[in-house]
Structures are given as C-alpha cells and as structure tokens.
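J.:
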Amino acid sequence: MKGSIQWSRCAGVPRNDLARSPALALWTSMLAGLILVTSSCGGGDGAGKLTPKSPKDAASGLETAFSGASGEVSQTVSAAAGAMKSGDYEKAAVSLGTLRGAGNLSLDQGIALHSSMLSLEEQLIRGVEAGDPKARQAYEVMKRMKKK
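Going letter by letter, the sequence shown gives residues 1006 to 1153 in this note's numbering.
#1: With C-beta atoms as the reference, is S1100 less than 7 Å away from P1060?
#2: Quick check on Q1114: buried or exposed, where buried means 16 or more other Cβ atoms within 10 Å of its Cβ?
#3: Given a cut-off of 7 Å on the beta-carbon distance, is the pair M1147 and A1098 in contact?
#4: Please report the distance separating the alpha-carbon of D1093 from that of L1112.
#5: If the criterion is Cβ atoms closer than 7 Å, does the pair L1067 and A1117 meet it?
#6: Straight-line CA distance for S1121 to G1087?
#7: Comparing alpha-carbon positions, which option in L1129, S1079, A1074 lies nearest M1089?
#8: Cα separation between A1064 and K1096?
#9: Could you check the C-alpha separation between E1127 and L1110 for me, to the nearest Å?
#10: Using a 10 Å radius around the Cβ and a threshold of 16 neighbouring Cβ atoms, would you call G1136 buried or exposed?
#11: Helix, strand or coil for K1139? Go by DSSP, reduced to three states.
#12: Give me the Cα-Cα distance between G1102 and M1150, rounded to the nearest whole angstrom.
#13: I need the straight-line Cα distance from E1145 to T1069, nearest angstrom please.
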C-alpha cells in the first residue's frame, strides 16, 4: 500500500481521493494505450500498411492509393509502379522522389508513398550488401532524392 501512496503523490493525487481521481483515470488510460500500441492489438486493416513485403506489393498499393489521380501525378505513379515491378530501381527511386515533392497528398497516398519508399530502400540495401552495382547506384539516387 505504501508504494501506491508514493505513486499517488508523484501523480499529484491526494491519498484520500485516489479512487475518484481524474489523474488516475488519465494514467490508467495512458498505460492501456501504451500496452495496446506496443502489443500490436487490432492487427486488422492497418497491419503491415507501412511495410509491404516486396516492391511489387508496394507498387500495387501505390497504384491503388493514387487511382483517382490525374495528369502528371498519374503518369509518375504509373512510372514508379512499373519500375518497381520490373526491377528498374533507379527509375523507381526518381519517380518516388518526384511524387514525394509533389505535395497535396491524401493520408492514404502519403502512407502508400512512404511504404513504397521503405520497401524500395530495403530492397536496395539487400542488393548493395550482395554487391550489386545497379542497386548501389539506385541507392545513391534515392539518398539524394531524400535530401531534397
């Protein structure tokens, strides 16, 4: 009991009001939220949304998110998705960088773009580690695009 009294003093809660305290409710809800986030509860629709398994999956997600886009954005999405599916990673890096700089993205578009960039970067790092000169060149392009 003494430990809970000390905790209540740290939280700014008088001892006699501990059971009805708004501060206690806040601490409890924060703890519950932290547990939910760290344990990945609710792994339904949003699970794995940020990190697709392969660049081809990421390209499909990119096409879906930008399906309503028109004009130059639509062409850039098509170029990026096609390059990711065919393994032309340098072209994919340039196209994704161009999309990133376009601005005015919806939340779903931003998530799909970020996910695609993560997937591509992961693929390029694997290629660089395997000694692939094309992967190294594409990775350098991607790093430059990130700085802009």
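Glycine included, C-beta positions come from ideal geometry on N, C-alpha and C.
T.: Quick look at the numbers:
#1: Contact: no.
#2: Classification of Q1114: buried, given that the 10 Å Cβ count is 16 or more.
#3: A1098 is positioned such that its CB atom lies closer than 7 Å to that of M1147.
#4: Approximately 27 Å, taken between the alpha carbons.
#5: Contact: yes.
#6: Taking the Cα positions, S1121 is about 12 Å away from G1087.
#7: Among L1129, S1079, A1074, the Cα nearest to that of M1089 is on L1129.
#8: Approximately 13 Å, taken between the alpha carbons.
#9: C-alpha of E1127 to C-alpha of L1110: approximately 23 Å in a straight line.
#10: Label assigned to G1136: exposed.
#11: Three-state result, K1139: helix.
#12: So the two alpha carbons sit approximately 5 Å from each other.
#13: Spanning the two alpha carbons is a distance of roughly 28 Å.
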